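Only one structure is covered here, and it is reproduced in the block below.
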Amino acid sequence: MLWFIGRRLTIAVPTLIAISFVIFAILDLAPGDPTSSLPLSIPPDVREQIREALGFNDPFLTRWVLWMKQVFINEPISLFETMFNVQVGSGERTRVISWQSRAPVVETIAERLPQTTWVMGLAFIFGILIAVPVGVISAYRQYSVFDQVGTFFSMVGYSVPTFFTGLLAIVIFSVHLGWFPSYYDTTLEVTDWDSLVAQIKQLVMPVGVLSMFNAAALSRFTRSSMLDNLSEDYVRTARSKGLKEKRVLVRHVLRNSLIPVVTLIAMQVPGIFAGALITEQIFRINGIGHLLISAIHMGDVPMVQTLSFMVAALTVFFNLVADVVYGILDPRIRYD
Amino acid sequence: MTEPEATSVDGVVEAADDEKVVHRSLWGDVWRQFRRHKGAMAGLIVLLFVSIASFVGPLLLPYDAVEADIKMRNQGPSWKHPLGTDNLGRDMVARSMVGGRISLLVAITAMGLAVSLGTTVGILAGFYRRLDGLLMRLTDMFLALPVLPLLMVIFMLFRDSLRAAFGPEQGIFMLIVLIIGVTSWMQTARVVRGEVLTIKQQEFVAAAHSIGTRKRNVIFRHILPNCMSPVMVAAALGMAVAIITESALSFLGLGFPSDFPTWGRLLYDGKDFISITPMRVVGPGTLISLTVLSVNFIGDGLRDALDPKLRSR
């Protein structure tokens with residue numbers, strides 16, 4: 046098993062470095078300039094000195110390596126320091142600074158992360174909770190009314206983009222019925238019963254819309270995985286042994302069918318952030334996606350670099366997790 | 021055995037003597053199977069209808085999609101304007117039709133680009149062992165890239181220079197097609213590579229090699245035609261992805277300009293008027309969803325129709 050993980054890691058690390066290069070290179074072409082937001086009264090030669098001091102005129106490769114050092118070494122140490130309130134070394138290290146807010150990028154991200162994780166994480170969990178039972182029942186009663194309706198709805202759910210369902214939900218539930226607020230209030234703190242109700246109310250629409258979308262694709266996948274397993278020989282064996290149907294279904298078929306489903310779920314975790322881009326725009330949640338879009342509009346290169354790299358690193362990491370989980374759940378894969 | 025519809029539709033069914041031996045071509049068979057899939061047929065009809073309406077419709081309508089008529093602004097649905105008008109008094113039906121043209125054109129060209137890129141990479145990786153490792157690592161890397169954020173950044177970077185070089189419309193069109201195409205070829209490449217690896221092992225390929233067929237001809241004559249079925253399914257699904265990506269970009273304000281609307285852009289412009297004229301959101305949104313749904317159903321039907329195990333029944 047360790048050998049298996051090690052082999053996967055040797056692929057993941059170069060991939061990550063290559064991705065950091067691509068992201069750095071693309072964003073390096075950006076027309077933005079850290080001195081453009083400084084006062085206009087600074088004369089051009091001083092401006093040039095500032096650029097020189099910031100290392101903006103160094104060769105491309107030097108800047109890339111320095112950036113990697115900031116991202117991989119300095120930022121994790123600083124994060125560790127703020128989390129546990131200790132000081133590592135002299136505490137003096139260069140950090141990735143946003144051109145927009147002049148604050149370390151990681152701190153801004155840490156402020157925005159809770160909103161995104163709450164909304165997107167809940168939507169993800171609810172999506173799974175809806176999709177797996179629907180997929181299992183659809184497969185078990187193949188071609189039944191439940192299956193037909195479920196398949197149709199999952200097809201619809203997966204074709205209708207969230208930016209349309211989200212807007213529809215706003216028209217119906219906040220404009221006409223006035224049940225839920227149309228935007229997400231981040232300053233709301235849950236202290237008593239009323240604020241808890243308010244918090245739940247503002248979560249309902251974004252989480253509902255997004256979990257429906259997540260559930261659609263996943264339930265189709267669960268269904269086809271169940272169907273593959275239901276026709277296997279071991280199912281017939283289990284039935285002929287006289288096991289109860291429920292036990293056959295849950296203990297034998299479901300356990301085996303969930304192997305690819307779990308892998309898919311692990312691989313979809315980074316997709317949460319891609320979904321956040323659009324959902325946060327519709328429901329005005331000031332999370333990570335909102336931060337990224339405003340950074341792009343303002344030409345804040347370090348912020349965009351860090352956020353894109355974060356998502357890429359998560360993708361690589363969860364692909365690795367998916368591989369390892371598959372290896373644990375299905376030992377045949379390991380010796381491939 | 022003789023089906024009158026089959027003769028009229030695909031024209032390859034021939035009758036010989038009195039026995040009426042029916043010769044069925046591969047694509048005739050696929051079509052027969054495809055027609056049995058109700059969802060796919062409905063999808064095909066809807067897609068045809070939407071395309072015809074988008075490309076021919078604006079010629080028949082009395083309204084202009086760009087000219088403002090300020091007296092008629094923010095109207096609800098009526099017989100004269102079934103989808104209402106926008107805040108400049110432009111008819112939403114006309115604008116949706118013009119928007120459909122661009123949305124569909126973007127989707128088709130971007131899908132074409134993605135599928136040809138994916139097929140090329142897949143065939144090269146599957147056929148030449150030396151390229152396999154390199155190309156598949158490249159594919160994995162593209163799969164791990166955060167596509168939407170990078171698309172947005174690339175769009176911001178190159179928008180102005182392309183606008184200057186090719187004019188506002190062509191420039192943006194090329195840019196969007198290019199970025200969607202370049203970031204969505206990976207699935208096709210993987211599927212095609214797998215297919216090529218199995219086809220390569222078969223006897224007819226060995227036979228072709230043994231009679232001295234050139235490698236290029238082996239690829240184009242023997243391998244490529246045999247991996248057409250996954251390519252076609254990938255094309256259908258790729259078109260759905262392209263429509264959604266284009267509308268998502270437009271929805272984030274990073275797509276076509278407002279005087280050159282697509283469905284996504286209409287939705288984006290309409291969302292600020294959602295409480296006055298909800299039809300401005302419902303109309304384009306329904307069109308996007310309906311088109312994507314029908315394309316997905318067509319993809320489903322194609323997959324079933326191209327599966328020889330199902331077809332022989």
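Those protein sequence lines, which keep their order, are chains A and B.
Quick note on the numbering used here: the first sequence kicks off at 46 and runs consecutively.
Quick note on the numbering used here: the second sequence kicks off at 21 and runs consecutively.
For each residue, glycine too, the CB sits at the ideal point set by N, CA and C.
From a predicted model like this one, the values you see are computed outputs, not experimental measurements.
Consider the Cβ of residue i: report whether some Cβ of chain B lies at a distance smaller than 7 Å.
i: A:Ala155; result: no
i: A:Ala319; result: yes
i: A:Ser204; result: yes
i: A:Thr351; result: no
i: A:Leu222; result: no
i: A:Ile323; result: yes
i: A:Tyr346; result: For the record, residue 346 of chain A in the displayed sequence is Val; it is not Tyr. Answer no: the Cβ-Cβ gap between A:Val346 and chain B never drops below 7 Å.
i: A:Ile310; result: no
i: A:Ala63; result: yes
i: A:Leu212; result: yes
i: A:Phe169; result: no
i: A:Leu74; result: yes
i: A:Leu337; result: yes
i: A:Phe258; result: no
Which bits of chain B does residue i rub up against, with CB to CB less than 8 Å?
i: A:Thr55; result: In chain order: nothing, as chain B lies at least about 12 Å away.
i: A:Ile215; result: Ile294
i: A:Ile71; result: Leu170, Val173, Ile174 and Leu177
Among the residues of its own chain, which have a CB less than 6 Å from the CB of residue i, if the five just before and after it don't count?
i: A:Ile50; result: Val369
i: B:Gly142; result: Ala209, Val212 and Arg213
i: A:Leu336; result: Arg157
i: A:Met348; result: Ser143, Val150 and Ala340
i: B:Trp205; result: Ala134, Leu137 and Gly138
i: A:Phe105; result: none
i: A:Val141; result: Gln115, Val150, Pro347 and Thr351
i: B:Ser249; result: Leu326
Answer with yes or no whether the minimum CB distance from residue i to chain A is below 7 Å.
i: B:Phe240; result: no
i: B:Ser332; result: Its pLDDT being 49, under 50, B:Ser332 is placed unreliably in this model, and the value from its coordinates should be taken loosely. So no, B:Ser332 is outside the interface.
i: B:Lys291; result: yes
i: B:Gly319; result: no
i: B:Val211; result: no
i: B:Ile219; result: no
i: B:Glu23; result: The pLDDT assigned to B:Glu23 is 44, lower than 50, so where the model puts this residue is not dependable, and the model offers no usable value.
i: B:Val253; result: no
i: B:Val225; result: no
i: B:Val301; result: yes
i: B:Asn316; result: yes
Once the 5 residues before and after residue i are set aside, which same chain residues still bring their CB inside 7 Å of it?
i: A:Pro226; result: Ser219, Lys246 and Gln247
i: B:Phe271; result: Gly284, Leu287 and Tyr288
i: A:Asn331; result: Arg157, Gln160 and Thr231
i: A:Trp109; result: Phe66 and Phe69
i: A:Ala243; result: Leu233
Anything in chain A within Cβ reach of residue i, meaning under 8 Å, just list it in chain order.
i: B:Phe75; result: Per Cβ cutoff of 8 Å: no residues; B:Phe75 is ~22 Å from chain A at best.
i: B:Leu272; result: Leu322, Ile323, Gln326 and Ile338
i: B:Leu287; result: Phe208, Phe209 and Leu212
List, in chain order, every chain B residue whose beta-carbon is nearer than 9 Å to that of residue i.
i: A:Thr60; result: Arg157, Asp160, Met161 and Ala164
i: A:Gln193; result: Near A:Gln193 there are no residues of chain B at all, since even the closest Cβ is about 10 Å away, more than 9 Å.
i: A:Val306; result: In chain order: nothing, as chain B lies at least about 19 Å away.
Cβ closer than 7 Å: which chain A residues qualify as neighbours of residue i?
i: B:Leu168; result: Ala319 and Leu322
i: B:Leu313; result: Met200, Val201 and Ser204
i: B:Ile308; result: Pro206 and Phe209
i: B:Pro298; result: Val216
Near residue i, which residues of its chain fall below 8 Å by C-beta distance, leaving aside the five closest residues on each side in sequence?
i: B:Arg115; result: Ala85, Asp106, Pro281 and Leu286
i: A:Pro59; result: none
i: A:Ala57; result: Val361, Phe362, Asn364 and Leu365
If the cut is a Cβ gap below 7 Å, which residues of chain B does residue i touch?
i: A:Ser341; result: The sequence shown places Ile at residue 341 of chain A, rather than the Ser named in the question. Chain B residues near A:Ile341: Met172, Val173 and Met176.
i: A:Leu272; result: Within 7 Å Cβ-Cβ: nothing; A:Leu272 doesn't reach chain B, min ~14 Å.
Residues of chain A with CB closer than 9 Å to the CB of residue i, please, in chain order.
i: B:Gly305; result: Val205, Pro206, Phe208, Phe209, Thr210, Leu212 and Leu213
Given 6 Å as the limit, tell me if residue i has its C-beta closer than that to any heavy atom belonging to the ligand SAH.
i: A:Ala311; result: In the structure shown, the ligand SAH is absent, as is every other ligand, since no ligand is present at all.
Check distances from the C-beta atoms of the region 357-371 of chain A to those of chain E and list, in chain order, the residues that come in under 8 Å. Annotation note: the requested chain E is absent from the structure, which comprises protein chains A and B.
Check whether the region 283-302 of chain B and the region 131-147 of chain B are in contact - that is, three or more C-beta pairs closer than 8 Å. In this structure the region 283-302 of chain B does not touch the region 131-147 of chain B; the number of beta carbon pairs closer than 8 Å is below three.
Taking 8 Å as the threshold, find out whether the region 236-248 of chain B comes into contact with the region 294-301 of chain B through three or more Cβ pairs. No, because fewer than three Cβ pairs between the region 236-248 of chain B and the region 294-301 of chain B fall closer than 8 Å, the two stretches do not touch.
Specify whether the region 250-262 of chain A and the region 209-218 of chain A touch according to this definition: at least 3 beta carbon pairs, one from each stretch, less than 8 Å apart. Three or more pairs of CB atoms, one per stretch, sit closer than 8 Å, so the region 250-262 of chain A contacts the region 209-218 of chain A.
When you compare the region 275-284 of chain A with the region 194-211 of chain A, are there three or more beta-carbon pairs, one atom per stretch, that lie closer than 8 Å? The count of Cβ pairs closer than 8 Å, one atom from the region 275-284 of chain A and one from the region 194-211 of chain A, stays below three, leaving the stretches out of contact.
Near-chain A residues of the region 255-270 of chain B - C-beta to any C-beta below 8 Å: Residues of the region 255-270 of chain B that bring their beta carbon within less than 8 Å of a beta carbon in chain A comprise Ala260, Ile264, Ser267 and Ala268, in sequence order.
Are the region 121-131 of chain B and the region 252-270 of chain B touching by the rule of at least three beta carbon pairs closer than 8 Å? Three or more beta-carbon pairs separated by less than 8 Å link the region 121-131 of chain B to the region 252-270 of chain B, which places the two stretches in contact.
Is it the case that the region 314-322 of chain B contacts the region 55-69 of chain B, given that we only count it when at least three CB pairs across the two stretches are under 8 Å? Here the region 55-69 of chain B lies against the region 314-322 of chain B, with 3 or more beta-carbon pairs under 8 Å apart.
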